[in-house]
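Numbered according to our numbering, the sequence shown spans residues -18 to 272. All C-beta atoms, glycine included, are put in the ideal place defined by N, C-alpha and C. Have a look at the structure below before the remarks.
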Amino acid sequence: MAAVVLSEAEKVYIVHGIQEDLRVDGRGCEDYRSAEVETDVVSNTSGSARVKLGHTDILVGIKAEMGTPKLEKPDEGYLEFFVDCSANATPEFEGHGGEELGTEIASTLYRVFSCESNVDLKSLCINPREHCWVLYVDVLLLECGGNLFDAISIAVKAALFNTRIPKVRVLEDEEGSKEIELSDDPYDCIRLNVDNVPCIVTLSKIGYRHVVDATLQEEACCLASLLVSVTSKGALTSVRKVGKGSLDPESIFEMMETGKRVGKSLHIALQKILDEEESLGTSRQKVGFLG
């Protein structure tokens, strides 16, 4: 994670402001920075999205490829996550610096998506035990300006919403051998239901209070954070503590309650943006650098 060195006076100023529910940029403790969300930004993918949250910039591309179902789940497809930290995102990613963070983010995403109700994996099955769709989710960190996990989870949900998977027919000849036939009509496709896909809300404990969507400067004042993944209905699907400091049970309970409340609002705002983009169809003006 990109580190920011602050003087003791700067830390005191930030911490004291947060105790009064007034952050350096004027937000309250439970306010997110304004986010830019754009879907369908990479042409050679099944689905893609770019999210800018403050100075954090994330690009996600999803590629649907045919594979073999896992032995323990013969009638389901599955997701694979890859995270790449651009060396330009922060000086610490030069050399091997980004690999460790990339592995940590990927393992967090696997944990968040391990809940079976998140994505209907059965809809990705083509032929039980033989063929299924594998969704390769590539996450690229273009810039790190605090609160990486939340921005990544928003981008992954937006890219899954944007994903289109070709419809498939399984043809069987007289000898019993099967042949897969892909529809060549780009509009004849499967869309994923993302209603239950969670978003991550990171709650950073600073002083006696906790904040959401911490900036790099606020992260430098934080000893411990709680990562909670929340569905659109406000249900928690996973909780993880990060940072060297400790959290008492009462703080954890309060942070989880805040996470549920803020997470529901986050889902509503994101879904509104996604529906608006969808309604524009091909007339939508693309503003991304890959537009």
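Tell me whether residue i is buried or exposed, calling it buried when 16 or more other Cβ atoms sit within 10 Å of its Cβ.
| i | result |
| --- | --- |
| Arg4 | buried |
| Arg31 | buried |
| Ala132 | buried |
| Phe234 | exposed |
| Ser210 | buried |
| Thr196 | buried |
| Val93 | buried |
| Ile161 | exposed |
| Thr183 | buried |
Tell me, please, which residues DSSP counts as bridged to residue i.
| i | result |
| --- | --- |
| Asp65 | Leu121 |
| Thr37 | Leu34 |
| Val211 | Cys180, Leu217 |
| Tyr59 | Val115 |
| Ala205 | Lys186 |
| Arg145 | Arg172 |
| Gly(-2) | Per DSSP, none; premise fails for Gly(-2). |
| Ser200 | Residue 200 is actually Glu in this sequence, not Ser. Bridge partners of Glu200: none, in fact. |
| Val223 | Ser206 |
| Leu255 | The partner list for Leu255 (beta bridge, DSSP) is empty, contrary to what the question assumes. |
Is residue i helix, strand or coil when you go by DSSP?
| i | result |
| --- | --- |
| Arg242 | helix |
| Val(-15) | coil |
| Arg150 | strand |
| Ser260 | helix |
| Lys126 | The sequence given here places Gly at residue 126; Lys does not occur at that position. Correct three-state label for Gly126: coil. |
| Ala45 | strand |
Where do the N-terminal and C-terminal ends of the beta strand (DSSP E) with residue i fall, by residue?
| i | result |
| --- | --- |
| Glu156 | Looking at the DSSP string, Glu156 is not in any beta strand (DSSP E), and its letter there is neither H nor E. |
| Thr273 | No answer is possible for residue 273: it lies beyond the span of the chain, which begins at -18 and ends at 272. |
| Cys106 | 106 to 108 |
Roughly how many angstroms separate the alpha carbons of residue i and residue j, rounded to a whole number?
| i | j | result |
| --- | --- | --- |
| His(-3) | Tyr189 | 10 Å |
| Ser15 | His36 | 11 Å |
| Leu(-13) | Gln198 | 7 Å |
| Cys66 | Thr89 | 15 Å |
| Lys186 | Thr218 | 21 Å |
| Glu117 | Cys106 | Going by the sequence as given, residue 117 is Tyr instead of Glu. Rounded to whole angstroms, Tyr117 to Cys106 spans 15 Å at the Cα level. |
| Tyr(-6) | Cys203 | 13 Å |
| Glu11 | His191 | 8 Å |
| Leu121 | Glu156 | 46 Å |
| Lys159 | Pro55 | 17 Å |
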